[in-house]
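Trainee: In the UniProt record's numbering, the protein residues as written are 1 to 154. Quick reminder that beta carbons are idealized off the backbone N, C-alpha and C, glycines included.
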């Protein structure tokens, strides 16, 4: 892990909001660099700022990372990730695309965003496990990700 990522995001519990945004049978994913030795793909999302609602956070994160304007939907599932120095609680919501053109956005804290694209679940599951969000280790197909609920420790 990059030392700057550890400095900015580490040694505290970080509340994150993430969105599952579908285009037909493809799920939107954002590519991050420096989280590990290679690419790391995850659904769009990021830290909730003080005084900001979860819905506001999700809208902001999508616009920053992908250029898309979305409408947050229902809460789907949550997960916890602990791998010192990182500790995050992630809350996943449905997200519907309203407008905007998909683009590679930015993270205002660090320059870690390096791509955004829609993938089928089969394509995501064919990526090496260390290159995708841990939630994809819990599923076998598109129906599984669409029906996840509850809370998971990754």
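Determine whether the beta carbon atoms of residue 57 and residue 65 lie at a separation below 8 Å.
Mentor: Position 57 of the chain shown, counting from 1, holds the residue named residue 57. Position 65 of the chain shown, counting from 1, holds the residue named residue 65. Result no, Cβ atoms of residue 57 and residue 65 do not sit closer than 8 Å.
Trainee: At a cut of 8 Å, does the stretch 77-95 reach the stretch 13-30 through at least three beta carbon pairs?
Mentor: Enough Cβ pairs lie closer than 8 Å, so yes.
Trainee: If we call anything under 8 Å between Cβ atoms a contact, is residue 90 one with residue 8?
Mentor: What you label residue 90 is simply residue 90 of the chain shown in a count that begins at 1. What you label residue 8 is simply residue 8 of the chain shown in a count that begins at 1. Against a cut-off of 8 Å, the Cβ pair of residue 8 and residue 90 comes out as no contact.
Trainee: For residue 120, which beta-bridge partners are listed by DSSP?
Mentor: For the purposes of this step, residue 120 is identified with residue 120 of the chain shown, where counting begins at 1. Bridge partners of residue 120: 26.
Trainee: Could you check how far apart the C-beta atoms of residue 116 and residue 131 are, in whole angstroms? I think they sit under 8 Å.
Mentor: Residue 116 sits at position 116 when you count from the first residue of the chain shown. Residue 131 sits at position 131 when you count from the first residue of the chain shown. Contact flag wrong, Cβ pair sits at about 15 Å.
Trainee: Could you tell me how far apart the beta carbons of residue 133 and residue 13 are, in whole angstroms, since I believe they sit closer than 8 Å?
Mentor: Against the chain shown, residue 133 aligns to sequence position 133. Against the chain shown, residue 13 aligns to sequence position 13. Not confirmed; about 18 Å, so no contact.
Trainee: List the endpoints of the continuous alpha helix (DSSP H) containing residue 13.
Mentor: The residue given as residue 13 occupies position 13 in the chain shown. From DSSP, residue 13 is part of no alpha helix (DSSP H) but of the beta strand (DSSP E) over 12-20.
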